[in-house]
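Student: Everything in the sequence shown is counted per my numbering, starting at 52 for the first residue and increasing by one.
There's a structure below that I have some questions on.
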Amino acid sequence: MIPAMPATTSVSARQASAAALRFGRLGAMGAVAVVILVAGVWASWGTAQHVMLTKGRESGTIEVTRCGEDTCTGPYTPVSEGSTARAGVVIEKTVAVRKGETYTVVVKPSSDEVVRSGPAGILYAWVPLGGALLLASVVVAGGLGRTRGAWVMAGAGVVLLTAAFVTI
Numbered sequence: 052m053i054p055a056m057p058a059t060t061s062v063s064a065r066q067a068s069a070a071a072l073r074f075g076r077l078g079a080m081g082a083v084a085v086v087i088l089v090a091g092v093w094a095s096w097g098t099a100q101h102v103m104l105t106k107g108r109e110s111g112t113i114e115v116t117r118c119g120e121d122t123c124t125g126p127y128t129p130v131s132e133g134s135t136a137r138a139g140v141v142i143e144k145t146v147a148v149r150k151g152e153t154y155t156v157v158v159k160p161s162s163d164e165v166v167r168s169g170p171a172g173i174l175y176a177w178v179p180l181g182g183a184l185l186l187a188s189v190v191v192a193g194g195l196g197r198t199r200g201a202w203v204m205a206g207a208g209v210v211l212l213t214a215a216f217v218t219i
């Protein structure tokens, strides 16, 4: 015959099990939130590095003369020393790029591709991070139960996206 276990053992085993599940959930949701934020920074940095770290880069203006499905082209007029004029450079076609307009740009190294510079370019470059902040705030609120932190993240995402929209 198996001796009966005391009631306190089963209660403490349930408490330990619940604590392990809670720790696992917090760890998993924390990892998901971190991955979302890292992905937002990674997606933003591809453009932001050219716009924010302009020392030694060619800068100038582009007058958009023709737009295709994904890109627009136009002549490049240099502003910085050492920059050379180009008959045609390529800029990504977005809602912020219109035919006939002139934009300040930075040339990507070793290419004829340009990205917008100035406040509009910086804010536009960080738009993926704004979206990641909004998405991660849902994970932080629902999965981690940290509503204040989630509101702060969501607010930062909304401010970033709104500033980019207004500036562009």
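Beta carbons: idealized from backbone N, C-alpha and C, even for Gly.
Computed from a predicted model, the values in this text were never measured in an experiment.
Counting only the same chain and skipping the five closest in sequence on each side, list residues whose C-beta sits under 6 Å from that of G208.
Tutor: Contacts found: G181, L184 and L185.
Student: Among residues of its own chain, excluding the 5 on either side of T128, which ones have a beta-carbon nearer than 7 Å to its beta-carbon?
Tutor: Within the same chain, T128 has close Cβ partners G111, T112 and A136.
Student: Let me make sure I understand the geometry here. Which of P160, V89 and G81 has the alpha-carbon closest to that of A192?
Tutor: When each option's Cα is compared against that of A192, the closest is G81.
Student: In chain order, what are the residue ranges of uninterrupted alpha helix (DSSP H) at least 4 long that sit wholly in the stretch 118-190?
Tutor: If we require 4 residues or more, the alpha helix (DSSP H) runs fully inside the stretch 118-190 come out as 169-176.
Student: Out of V146, I142, A147 and S61, point me to the one whose CA is closest to V157's CA.
Tutor: Taking only the C-alpha atoms, the option nearest V157 is I142.
Student: For S168, count the other beta carbons within 10 Å of its own beta carbon; 16 or more makes it buried, fewer makes it exposed. Which is it?
Tutor: It counts as buried.
Student: Please list, in chain order, all residues of the same chain as T98 whose beta carbon is under 6 Å from its beta carbon, the five residues on each side excluded.
Tutor: Answer for T98: V166 and A176, listed in chain order.
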